[in-house]
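Numbering (full-length UniProt numbering), first residue to last: 1 to 346.
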(Lines of atoms letter the chains of each structure in order from A and count residues from 1; the text may use other names and numbers.)
(Lines give C-alpha, C1' and ligand atoms only; values in the text may rest on other atoms or scores of the structure.)
Protein backbone atom coordinates (compact mmCIF):
# COMPACT_ATOMS: atom_id res chain seq x y z
CA UNK A 1 0.00 0.00 0.00
CA UNK A 2 1.32 3.40 -0.93
CA UNK A 3 -0.18 6.82 -1.20
CA UNK A 4 -3.78 5.69 -0.85
CA UNK A 5 -5.19 3.14 1.53
CA UNK A 6 -6.54 0.05 -0.16
CA UNK A 7 -10.29 -0.04 -0.61
CA UNK A 8 -10.61 -2.67 2.10
CA UNK A 9 -8.59 -0.73 4.65
CA UNK A 10 -10.35 2.51 3.76
CA UNK A 11 -13.80 1.01 4.12
CA UNK A 12 -12.94 -0.35 7.55
CA UNK A 13 -11.49 3.00 8.65
CA UNK A 14 -14.54 4.86 7.41
CA UNK A 15 -16.78 2.39 9.18
CA UNK A 16 -14.83 2.91 12.39
CA UNK A 17 -14.72 6.68 11.97
CA UNK A 18 -10.93 6.49 11.64
CA UNK A 19 -10.73 6.54 15.39
CA UNK A 20 -9.94 4.50 18.45
CA UNK A 21 -11.39 1.00 18.28
CA UNK A 22 -9.25 -0.56 20.97
CA UNK A 23 -9.58 0.72 24.51
CA UNK A 24 -6.27 2.18 25.71
CA UNK A 25 -4.93 0.72 28.92
CA UNK A 26 -6.52 2.50 31.85
CA UNK A 27 -4.03 4.54 33.83
CA UNK A 28 -4.49 3.29 37.39
CA UNK A 29 -2.29 6.05 38.77
CA UNK A 30 -4.14 8.81 36.94
CA UNK A 31 -6.12 10.18 39.88
CA UNK A 32 -3.07 10.13 42.11
CA UNK A 33 -1.03 11.94 39.47
CA UNK A 34 -3.71 14.53 38.86
CA UNK A 35 -3.80 15.26 42.55
CA UNK A 36 -0.43 16.98 42.18
CA UNK A 37 -0.17 20.51 40.92
CA UNK A 38 0.35 20.84 37.20
CA UNK A 39 3.36 22.96 38.11
CA UNK A 40 5.13 19.69 38.90
CA UNK A 41 5.89 19.44 35.20
CA UNK A 42 6.86 23.06 34.72
CA UNK A 43 9.20 25.52 36.34
CA UNK A 44 7.41 28.12 38.49
CA UNK A 45 6.55 31.17 36.44
CA UNK A 46 8.96 34.02 36.86
CA UNK A 47 7.56 37.21 38.31
CA UNK A 48 8.08 38.90 34.96
CA UNK A 49 6.26 36.22 32.94
CA UNK A 50 2.94 37.21 31.43
CA UNK A 51 0.10 35.18 29.91
CA UNK A 52 0.16 34.64 26.18
CA UNK A 53 -1.51 37.65 24.47
CA UNK A 54 -4.15 35.60 22.70
CA UNK A 55 -6.71 36.83 20.18
CA UNK A 56 -9.21 34.33 18.79
CA UNK A 57 -8.48 33.57 15.14
CA UNK A 58 -11.66 33.07 13.06
CA UNK A 59 -9.70 31.72 10.07
CA UNK A 60 -7.57 28.63 10.59
CA UNK A 61 -7.05 25.84 8.07
CA UNK A 62 -4.34 23.19 8.01
CA UNK A 63 -1.70 23.39 5.29
CA UNK A 64 -2.69 19.89 4.15
CA UNK A 65 -6.20 21.07 3.28
CA UNK A 66 -4.78 24.11 1.51
CA UNK A 67 -2.46 21.92 -0.53
CA UNK A 68 -5.19 19.43 -1.37
CA UNK A 69 -7.96 21.85 -2.33
CA UNK A 70 -6.30 25.14 -3.26
CA UNK A 71 -6.85 28.87 -2.83
CA UNK A 72 -10.48 28.97 -3.94
CA UNK A 73 -11.41 26.39 -1.32
CA UNK A 74 -9.51 28.32 1.34
CA UNK A 75 -11.44 31.49 0.48
CA UNK A 76 -14.76 29.65 0.61
CA UNK A 77 -13.87 28.03 3.91
CA UNK A 78 -13.07 31.37 5.53
CA UNK A 79 -16.37 32.80 4.27
CA UNK A 80 -18.05 29.79 5.86
CA UNK A 81 -16.21 30.48 9.14
CA UNK A 82 -17.36 34.10 9.18
CA UNK A 83 -20.95 33.03 8.55
CA UNK A 84 -20.90 30.36 11.25
CA UNK A 85 -19.43 32.65 13.90
CA UNK A 86 -22.12 35.23 13.12
CA UNK A 87 -24.93 32.67 13.10
CA UNK A 88 -25.82 33.45 9.50
CA UNK A 89 -28.01 31.12 7.46
CA UNK A 90 -25.97 31.07 4.25
CA UNK A 91 -22.55 31.71 2.76
CA UNK A 92 -21.03 31.95 -0.69
CA UNK A 93 -20.26 28.44 -1.92
CA UNK A 94 -19.65 27.57 -5.59
CA UNK A 95 -20.77 23.93 -5.68
CA UNK A 96 -21.70 20.82 -3.71
CA UNK A 97 -18.17 19.39 -3.80
CA UNK A 98 -16.80 22.49 -2.06
CA UNK A 99 -19.70 22.41 0.40
CA UNK A 100 -18.99 18.86 1.54
CA UNK A 101 -15.25 19.47 1.70
CA UNK A 102 -15.92 22.47 3.94
CA UNK A 103 -18.04 20.36 6.26
CA UNK A 104 -15.28 17.76 6.35
CA UNK A 105 -12.66 20.35 7.29
CA UNK A 106 -14.91 21.99 9.89
CA UNK A 107 -14.48 19.18 12.43
CA UNK A 108 -10.87 20.23 13.03
CA UNK A 109 -10.77 23.78 11.68
CA UNK A 110 -14.13 25.14 12.96
CA UNK A 111 -15.30 22.66 15.63
CA UNK A 112 -18.38 24.58 16.76
CA UNK A 113 -19.82 24.38 13.25
CA UNK A 114 -19.29 20.64 13.12
CA UNK A 115 -21.18 20.33 16.42
CA UNK A 116 -24.17 22.63 15.90
CA UNK A 117 -24.87 22.57 12.16
CA UNK A 118 -27.65 20.29 10.96
CA UNK A 119 -26.76 18.09 7.96
CA UNK A 120 -27.90 19.55 4.65
CA UNK A 121 -28.87 17.22 1.85
CA UNK A 122 -29.61 19.86 -0.76
CA UNK A 123 -27.09 21.24 -3.25
CA UNK A 124 -25.85 24.83 -2.99
CA UNK A 125 -27.92 26.94 -5.38
CA UNK A 126 -26.78 30.01 -7.31
CA UNK A 127 -23.46 29.97 -5.49
CA UNK A 128 -25.02 29.98 -2.03
CA UNK A 129 -24.75 27.26 0.62
CA UNK A 130 -27.41 27.01 3.31
CA UNK A 131 -26.68 26.69 7.03
CA UNK A 132 -29.13 25.37 9.62
CA UNK A 133 -28.36 25.23 13.33
CA UNK A 134 -29.64 22.91 16.05
CA UNK A 135 -30.22 25.90 18.37
CA UNK A 136 -32.19 29.12 18.07
CA UNK A 137 -29.96 31.96 16.90
CA UNK A 138 -29.64 33.79 20.23
CA UNK A 139 -28.83 30.59 22.09
CA UNK A 140 -26.36 29.58 19.41
CA UNK A 141 -24.55 32.92 19.51
CA UNK A 142 -24.15 32.52 23.27
CA UNK A 143 -22.49 29.17 22.54
CA UNK A 144 -20.18 30.88 20.02
CA UNK A 145 -19.11 33.32 22.73
CA UNK A 146 -18.58 30.47 25.19
CA UNK A 147 -16.58 28.52 22.61
CA UNK A 148 -14.27 31.45 21.90
CA UNK A 149 -13.73 32.03 25.62
CA UNK A 150 -12.99 28.33 26.19
CA UNK A 151 -10.39 28.33 23.42
CA UNK A 152 -8.84 31.43 24.97
CA UNK A 153 -8.77 29.70 28.36
CA UNK A 154 -6.93 26.71 26.91
CA UNK A 155 -4.28 28.99 25.43
CA UNK A 156 -3.75 31.31 28.38
CA UNK A 157 -3.68 28.43 30.88
CA UNK A 158 -0.74 26.85 29.10
CA UNK A 159 1.22 29.48 27.17
CA UNK A 160 3.24 32.51 28.17
CA UNK A 161 4.08 35.74 26.41
CA UNK A 162 7.01 35.22 24.05
CA UNK A 163 6.53 31.48 23.60
CA UNK A 164 7.97 30.13 20.35
CA UNK A 165 6.63 27.24 18.31
CA UNK A 166 8.31 24.48 20.32
CA UNK A 167 7.06 25.95 23.58
CA UNK A 168 3.56 26.20 22.16
CA UNK A 169 3.59 22.59 20.96
CA UNK A 170 5.00 21.03 24.14
CA UNK A 171 3.04 23.21 26.58
CA UNK A 172 -0.30 22.55 24.91
CA UNK A 173 0.63 18.87 24.52
CA UNK A 174 1.16 18.50 28.25
CA UNK A 175 -1.67 20.80 29.26
CA UNK A 176 -4.04 18.85 27.03
CA UNK A 177 -2.81 15.39 28.03
CA UNK A 178 -3.04 16.21 31.73
CA UNK A 179 -6.49 17.80 31.76
CA UNK A 180 -8.62 15.69 29.41
CA UNK A 181 -10.37 12.49 30.44
CA UNK A 182 -10.48 9.49 28.12
CA UNK A 183 -14.10 8.43 27.59
CA UNK A 184 -13.93 4.65 27.90
CA UNK A 185 -17.73 4.45 28.11
CA UNK A 186 -18.15 6.16 24.73
CA UNK A 187 -15.73 3.72 23.15
CA UNK A 188 -17.34 0.63 24.59
CA UNK A 189 -21.04 1.52 24.35
CA UNK A 190 -23.24 0.33 21.50
CA UNK A 191 -25.31 3.51 21.74
CA UNK A 192 -24.72 6.52 19.50
CA UNK A 193 -22.28 9.07 20.92
CA UNK A 194 -21.50 12.43 19.31
CA UNK A 195 -17.73 12.21 19.00
CA UNK A 196 -16.27 15.59 18.09
CA UNK A 197 -13.26 17.83 18.74
CA UNK A 198 -15.79 20.36 20.05
CA UNK A 199 -16.68 17.99 22.88
CA UNK A 200 -13.00 17.54 23.76
CA UNK A 201 -12.47 21.31 23.88
CA UNK A 202 -15.61 22.16 25.82
CA UNK A 203 -15.96 19.16 28.15
CA UNK A 204 -12.32 18.03 28.23
CA UNK A 205 -13.46 14.52 27.47
CA UNK A 206 -13.26 12.26 24.44
CA UNK A 207 -11.40 9.57 22.54
CA UNK A 208 -8.56 9.72 20.06
CA UNK A 209 -10.18 11.41 17.05
CA UNK A 210 -11.68 14.04 19.35
CA UNK A 211 -8.35 14.72 21.03
CA UNK A 212 -6.60 15.00 17.66
CA UNK A 213 -8.95 17.63 16.28
CA UNK A 214 -9.04 19.64 19.49
CA UNK A 215 -5.25 19.73 19.93
CA UNK A 216 -4.74 20.60 16.25
CA UNK A 217 -7.24 23.45 16.51
CA UNK A 218 -5.49 24.92 19.55
CA UNK A 219 -2.13 24.80 17.79
CA UNK A 220 -3.50 26.43 14.64
CA UNK A 221 -5.01 29.16 16.80
CA UNK A 222 -1.46 30.12 17.84
CA UNK A 223 0.11 29.77 14.40
CA UNK A 224 1.44 26.20 14.44
CA UNK A 225 0.27 23.89 11.67
CA UNK A 226 -1.16 20.58 12.81
CA UNK A 227 -3.40 17.89 11.41
CA UNK A 228 -4.42 14.33 12.15
CA UNK A 229 -2.98 11.04 11.00
CA UNK A 230 -4.96 7.80 11.11
CA UNK A 231 -4.15 4.16 10.58
CA UNK A 232 -5.14 0.62 11.35
CA UNK A 233 -2.63 -1.44 13.25
CA UNK A 234 -0.82 -4.22 11.42
CA UNK A 235 -3.35 -6.98 12.11
CA UNK A 236 -6.20 -4.59 11.25
CA UNK A 237 -7.87 -5.20 14.60
CA UNK A 238 -7.93 -1.57 15.70
CA UNK A 239 -7.81 1.96 14.29
CA UNK A 240 -6.21 4.99 15.91
CA UNK A 241 -5.50 8.67 15.28
CA UNK A 242 -2.73 10.99 16.43
CA UNK A 243 -1.39 14.44 15.49
CA UNK A 244 1.25 15.57 13.06
CA UNK A 245 2.93 18.95 13.58
CA UNK A 246 5.57 20.88 11.71
CA UNK A 247 8.53 22.40 13.55
CA UNK A 248 11.34 24.11 11.68
CA UNK A 249 10.14 22.59 8.41
CA UNK A 250 10.10 19.00 9.70
CA UNK A 251 7.15 16.76 10.53
CA UNK A 252 6.68 15.03 13.88
CA UNK A 253 3.98 12.81 15.36
CA UNK A 254 2.42 13.40 18.78
CA UNK A 255 -0.12 11.20 20.55
CA UNK A 256 -2.07 12.93 23.32
CA UNK A 257 -4.32 9.87 23.68
CA UNK A 258 -1.51 7.46 24.54
CA UNK A 259 0.11 10.11 26.74
CA UNK A 260 -3.12 10.79 28.60
CA UNK A 261 -3.95 7.14 29.24
CA UNK A 262 -0.47 5.92 30.20
CA UNK A 263 1.56 8.75 31.73
CA UNK A 264 0.04 12.24 31.34
CA UNK A 265 3.06 13.97 32.87
CA UNK A 266 5.60 12.37 30.51
CA UNK A 267 6.77 12.86 26.93
CA UNK A 268 6.93 9.28 25.67
CA UNK A 269 4.76 10.06 22.62
CA UNK A 270 6.02 13.57 21.87
CA UNK A 271 7.90 14.46 18.68
CA UNK A 272 7.92 10.94 17.26
CA UNK A 273 9.29 9.88 13.91
CA UNK A 274 7.74 7.10 11.81
CA UNK A 275 9.88 4.42 13.45
CA UNK A 276 8.93 5.45 16.97
CA UNK A 277 5.26 5.72 16.00
CA UNK A 278 5.39 2.21 14.57
CA UNK A 279 7.09 0.82 17.67
CA UNK A 280 4.58 2.54 19.96
CA UNK A 281 1.41 0.98 18.59
CA UNK A 282 2.36 -1.32 15.69
CA UNK A 283 1.22 1.13 13.00
CA UNK A 284 2.80 0.53 9.58
CA UNK A 285 3.74 3.89 7.96
CA UNK A 286 2.60 2.46 4.62
CA UNK A 287 -0.98 2.66 5.92
CA UNK A 288 -0.98 6.22 7.28
CA UNK A 289 -3.76 8.54 6.17
CA UNK A 290 -2.59 12.13 6.64
CA UNK A 291 -5.36 14.63 7.47
CA UNK A 292 -7.92 11.87 6.83
CA UNK A 293 -8.14 13.08 3.24
CA UNK A 294 -7.40 9.67 1.69
CA UNK A 295 -4.96 11.60 -0.51
CA UNK A 296 -1.70 11.71 1.44
CA UNK A 297 0.39 9.06 3.14
CA UNK A 298 3.55 9.03 5.21
CA UNK A 299 5.74 9.38 2.13
CA UNK A 300 4.03 12.67 1.23
CA UNK A 301 4.82 14.24 4.62
CA UNK A 302 7.78 12.21 5.90
CA UNK A 303 8.47 12.25 9.63
CA UNK A 304 11.96 10.83 9.99
CA UNK A 305 13.79 13.20 12.31
CA UNK A 306 14.66 11.61 15.67
CA UNK A 307 15.98 14.71 17.41
CA UNK A 308 13.43 14.39 20.22
CA UNK A 309 14.36 10.77 21.01
CA UNK A 310 15.97 11.69 24.37
CA UNK A 311 12.60 12.98 25.58
CA UNK A 312 10.84 9.66 24.96
CA UNK A 313 12.16 8.37 28.27
CA UNK A 314 10.77 11.36 30.22
CA UNK A 315 8.21 10.52 32.90
CA UNK A 316 8.02 14.16 34.02
CA UNK A 317 9.74 17.37 33.01
CA UNK A 318 10.21 21.06 33.64
CA UNK A 319 10.35 23.71 30.93
CA UNK A 320 13.11 26.28 31.44
CA UNK A 321 11.97 28.97 29.03
CA UNK A 322 14.76 31.37 29.94
CA UNK A 323 17.51 28.96 28.89
CA UNK A 324 15.47 27.05 26.26
CA UNK A 325 15.98 23.74 28.05
CA UNK A 326 13.71 20.82 28.88
CA UNK A 327 14.79 19.36 32.22
CA UNK A 328 13.42 15.84 32.28
CA UNK A 329 13.39 12.87 34.61
CA UNK A 330 13.34 9.19 33.68
CA UNK A 331 12.34 5.97 35.44
CA UNK A 332 16.02 5.34 36.03
CA UNK A 333 16.90 8.83 37.24
CA UNK A 334 13.90 10.05 39.21
CA UNK A 335 15.91 12.61 41.20
CA UNK A 336 18.52 13.70 38.65
CA UNK A 337 17.32 15.78 35.68
CA UNK A 338 18.69 15.33 32.19
CA UNK A 339 18.76 18.41 29.95
CA UNK A 340 17.57 18.82 26.37
CA UNK A 341 18.14 22.10 24.53
CA UNK A 342 15.29 23.14 22.26
CA UNK A 343 16.79 26.42 21.06
CA UNK A 344 17.04 25.10 17.49
CA UNK A 345 13.24 24.67 17.26
CA UNK A 346 12.19 27.90 18.88
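Heads up, the beta-carbon is just placed ideally off N, CA and C, and yes, glycines get one too.
- A contact between stretches requires three or more CB pairs, one per stretch, nearer than 8 Å, and the region 270-277 fails this requirement with the region 188-205.
- In the structure shown, residue 308 falls within a coil segment according to DSSP collapsed to helix, strand and coil.
- Under the three-state reduction of DSSP output, residue 185 falls in the helix class.
- Inter-segment contact for the region 259-266 and the region 282-300 is absent: fewer than three beta-carbon pairs are separated by less than 8 Å.
- Cβ contact annotation for residue 246 (same chain, cutoff 6 Å, sequence separation greater than five): 225, in chain order.
- From the listed residues 217, 325, 95, 233, the smallest Cα separation to residue 56 is found for 217.
- Around the CB of residue 334, fewer than 16 other CB atoms lie within 10 Å, so the residue is classed as exposed.
- At a cut-off of 3 residues, the continuous stretches assigned as beta strand (DSSP E) that sit fully inside the UniProt domain "Transglutaminase-like" (160-252) are 226-232, 239-247.
- Of the residues 64, 66, 49, 77, the one whose Cα lies closest to the Cα of residue 58 is 77.
- Excluding the 5 residues flanking it on each side, residue 200 has same chain C-beta neighbours closer than 6 Å at 206, 210, 211, 214, in chain order.
- When C-alpha distances from residue 116 are compared across 255, 65, 196, the shortest belongs to 196.
- In the three-state scheme derived from DSSP, where H, G and I count as helix and E and B as strand, residue 49 is classed as coil.
- With distances taken between CA atoms, residue 251 lies nearest to 306 out of 294, 235, 306, 280.
- Cβ atoms of residue 130 and residue 90 come within 8 Å of each other, at about 6 Å.
- Following the DSSP letters along the chain, one finds residue 152 inside the alpha helix (DSSP H) bounded by residues 137-158.
- In this chain, the alpha helix (DSSP H) harbouring residue 98 covers 96-109.
- Taking one beta carbon from each stretch, the region 145-163 and the region 118-126 have fewer than 3 pairs nearer than 8 Å; the two do not touch.
- Cα atoms of residue 114 and residue 64: separation of roughly 19 Å, rounded to the nearest angstrom.
- DSSP, read as helix, strand or coil, puts residue 294 in coil.
- If you compare the alpha carbons of 62, 271, 282 with that of residue 107, the shortest gap goes to 62.
- Note: residue 325 is bridge-paired with 320, 341 in the DSSP secondary-structure output.
- Looking at the backbone, the Cα of residue 92 and that of residue 144 are separated by about 21 Å.
- Residue range 90-92 is occupied by the beta strand (DSSP E) that includes residue 91.
- Here residue 263 is buried, its C-beta having at least 16 other C-beta atoms within 10 Å.
- The beta carbon of residue 69 lies closer than 7 Å to those of 101 in the same chain, with the five residues before and after it left out.
- Residue 73 is not a Cβ neighbour of residue 156, given a cutoff of 7 Å.
- In the structure shown, residue 84 falls within a helical segment according to DSSP collapsed to helix, strand and coil.
- Residue 288 is a Cβ neighbour of residue 229, given a cutoff of 7 Å.
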